[in-house]
């Protein structure tokens with residue numbers, strides 16, 4: 020029988036404050052139960068694969084109701100009735116965290132744990148493990164370059180570019196290495212950049228050309244060595260999962276907004292995965308991203 024497949028979204032986990040790699044892993048393996056609204060949230064079925072190749076931490080983000088109700092059959096009266104079901108599971112999203120990439124792949128669950136909800140609840144649990152004291156994390160999407168380039172192609176001019184980025188660990192992209200060095204030198208946890216030009220030809224950016232060249236592996240030595248403007252570098256950082264970026268432009272007289280999160284990189288895998296197999300699959304995709312974008316340790 021064929022295994023049912025789900026869509027796994029690829030992101031980076033950004034660690035801020037006193038949240039280290041070791042603390043993140045420890046929290047994921049032993050997270051508390053958290054009540055948010057009508058539901059309880061927990062990380063269940065945790066597996067510590069730090070001694071494996073690739074290193075990984077597996078778990079399932081579980082959304083459940085402490086006082087659930089189900090419909091059961093009463094055979095004696097040939098009737099259906101409501102019955103209590105304590106800790107009734109509402110939705111479960113398998114995920115795998117890969118420390119070598121600061122990468123996480125998690126499954127989108129329709130009407131339960133959507134693509135935009137998983138990051139919020141995962142980080143809430145990690146921070147709650149340390150009573151929210153001087154620890155903070157965010158889960159930022161890795162953009163699909165090809166889809167992003169297609170959207171940029173459609174713009175006749177760009178009127179605004181903005182990005183909020185964080186220092187990478189442990190990988191960085193060659194094209195935005197100088198911005199990474201700047202952030203580290205400034206000892207900053209976050210840098211925000213915004214440019215705007217509403218009249219004339221709009222902003223003069225090389226972002227589309229840079230991304231196309233990376234996809235085609237067609238950079239010359241001089242292009243590789245030439246400096247990338249700061250806002251373009253920040254957009255590349257955001258697209259690689261170290262923040263989020265937004266571009267506003269025009270297409271046939273209409274305003275168009277393109278976000279790095281709009282083209283979230285994903286892959287299909289089993290809905291009930293074997294932890295080490297999911298780790299291997301996710302690592303293969305993250306390695307492909309690193310190769311495509313000239314990323315290195």
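Numbering (my numbering), first residue to last: 20 to 316.
The C-beta atom is built at its ideal place from N, Cα and C for all residues, glycine as well.
Remember, it's a predicted structure, so these values are computed and weren't measured experimentally.
Going by C-alpha to C-alpha distance, which of the options sits closest to residue i?
i           : options            : result
residue 44  : 211, 145, 92, 71   : 145
residue 100 : 89, 107, 80        : 89
residue 103 : 48, 84, 125, 212   : 84
residue 5   : 316, 59, 50, 219   : This structure cannot settle anything about residue 5, because the visible part of the chain is limited to 20 through 316.
residue 33  : 156, 257, 206, 40  : 156
residue 196 : 51, 314, 22, 68    : 314
residue 204 : 216, 277, 294, 185 : 185
residue 37  : 153, 116, 121      : 153
residue 27  : 48, 260, 56, 290   : 290
Between which two residues does the beta strand (DSSP E) harbouring residue i extend?
i           : result
residue 31  : 24-36
residue 161 : Premise fails: residue 161 is in no beta strand (DSSP E) and is neither H nor E.
residue 287 : 285-289
residue 220 : Where residue 220 is concerned, there is no enclosing beta strand (DSSP E), given that its DSSP letter is neither H nor E.
residue 274 : 273-278
Go ahead and pull the three-state DSSP assignment for residue i.
i           : result
residue 236 : coil
residue 312 : coil
residue 307 : helix
residue 250 : helix
residue 204 : helix
residue 120 : helix
residue 215 : strand
residue 60  : strand
residue 302 : helix
residue 145 : helix
residue 178 : strand
residue 133 : coil
residue 81  : strand
residue 157 : strand
residue 241 : Because the pLDDT at residue 241 is just 44, under 50, the model does not fix this residue reliably, and the value given afterwards should be weighed accordingly. Residue state, collapsed to three classes: helix.
residue 125 : strand
So if DSSP puts residue i in a beta bridge, which residue, or which two residues, is it bridged to?
i           : result
residue 43  : In the DSSP output, where bridge partners are listed per residue, residue 43 has none listed.
residue 263 : 183
residue 105 : 86
residue 67  : 76
residue 91  : 100
Since residue i is in the alpha helix (DSSP H), which residue starts that stretch and which ends it?
i          : result
residue 55 : Not the alpha helix (DSSP H): residue 55 falls in the beta strand (DSSP E), residues 53-55.
Does the beta carbon of residue i sit closer than 8 Å to a beta carbon anywhere in chain C?
i           : result
residue 190 : Chain labels in this structure do not include chain C; a single protein chain is all it has.
Meets three-Cβ-pair contact criterion under 8 Å: the segment 271-283 and the segment 162-170: yes
Meets three-Cβ-pair contact criterion under 8 Å: the segment 134-141 and the segment 92-109: no
Meets three-Cβ-pair contact criterion under 8 Å: the segment 203-222 and the segment 249-265: yes
Any 3 or more C-beta pairs closer than 8 Å across the segment 264-273 and the segment 171-181: yes
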